[in-house]
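The next block holds one structure in the form of structure tokens; read it before the comments.
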Amino acid sequence: MNQLFKSRFYYFTLLFVLFSIKPSFSQMKFQINGKIDNSVFRQAGYTIENGDLITLDFINLERIDSAIVSNEQFQFTGQVDIPSVAMVNFKGGGFLLLIDESEYQVVVAVSEQGNGRYAYDDIRIETQSPFFNLWKNIGMRKGNLNAQRLEVQDLLKGEITDAERNSYEDELQQIEDNLAALYYDASKEHPDTYEMTYLLPGAPDLSYSRYIDYYNKLSADIKNSFYGVNLYKRLLLTKPN
């Protein structure tokens with residue numbers, strides 16, 4: 001085998017090896033663009049100022065990213081292997097953020113609480129993130145249904161006729177059915193996903209019998225993830241003896 005043939009042989013062998021190796025995951029790039037709004041209230045030592053530290057504390061990972069406020073803005077850029085959950089923590093507060101391959105526009109604003117009290121509880125987030133918006137949409141629907149349930153329960157406590165009681169009880173049952181269907185239907189629409197596996201422990205109808213089939217059909221990677229382990233623990237708590 002002459003030297004030229006050897007070189008070409010090794011070159012094509014290397015190309016074959018490189019193109020035959022497929023990564024087990026793809027990195028998800030994310031970017032968080034944050035803005036601090038102190039227009040309602042500002043006081044040194046209490047409000048977030050330039051030079052202050054903002055941290056991105058991941059819940060499903062042993063990882064903390066950090067950013068420094070500059071010109072009343074902060075930014076995080078990075079990569080995650082799987083859809084991830086993190087707390088954005090800052091002086092006087094924080095908020096939950098669900099992260100995938102997306103960009104996030106965030107405003108952290110001071111609002112007045114009354115009696116001379118202020119807090120950073122006006123958090124505005126704009127994103128096309130599928131993970132964040134799935135969580136947000138389910139959460140909003142769950143909140144609306146819970147509010148309807150409380151309203152009907154209050155009506156049932158009042159002085160009402162038998163006909164009204166029957167009507168309210170039927171309405172309450174329909175609300176309960178809608179709450180139970182909310183997460184169950186979503187689990188059918190998003191099977192074998194990190195996102196739904198994270199969200200399911202919040203289901204009002206969570207039980208071993210109802211969701212063990214969802215868990216059993218998860219891939220090994222998701223079962224062994226932070227989300228999969230947590231879901232299984234929660235399911236076991238509802239398993240009949």
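Per UniProt numbering: the sequence shown ends with 241, consecutive numbering throughout. C-beta atoms are modelled at their ideal positions from N, C-alpha and C, and glycine is treated no differently. None of these values were measured; they are calculated from a predicted model.
Sequence-distant partners of residue 153 (beyond 5 residues in either direction) whose C-beta falls short of 8 Å from its own C-beta, in its chain, are 172. Where residue 175 is concerned, the enclosing alpha helix (DSSP H) starts and stops at 162-189.
Runs of the beta strand (DSSP E) lying entirely within the stretch 110-168, each at least 3 residues long, are 117-127 in chain order. If you compare the alpha carbons of 230, 170, 107 with that of residue 149, the shortest gap goes to 170. Counted as a single uninterrupted DSSP element, the alpha helix (DSSP H) harbouring residue 220 occupies residues 220-223.
Around the beta-carbon of residue 228, 16 or more other beta-carbon atoms lie within 10 Å, marking it buried. For the pair residue 233 and residue 201, the Cα-to-Cα distance works out to about 10 Å. For the pair residue 67 and residue 105, the Cα-to-Cα distance works out to about 15 Å.
Non-local C-beta neighbours of residue 78 in its own chain, meaning closer than 7 Å and more than five positions away in sequence, comprise 30, 65, ordered along the chain. The beta carbon of residue 205 is closer than 6 Å to those of 180 in its chain, skipping five residues each way along the sequence. The DSSP-derived three-state label of residue 226 is helix.
Counting C-beta pairs closer than 8 Å gives fewer than three between the stretch 48-66 and the stretch 133-143, which falls short of the contact rule.
When secondary structure is reduced to three states using DSSP, residue 93 falls in the strand class.
Going by beta carbons, residue 97 and residue 109 fall outside the 8 Å limit. Annotation: the continuous beta strand (DSSP E) that includes residue 66 extends over 64-68. Check the Cα spacing between residue 117 and each of 220, 215, 40, 226: the tightest is with 40.
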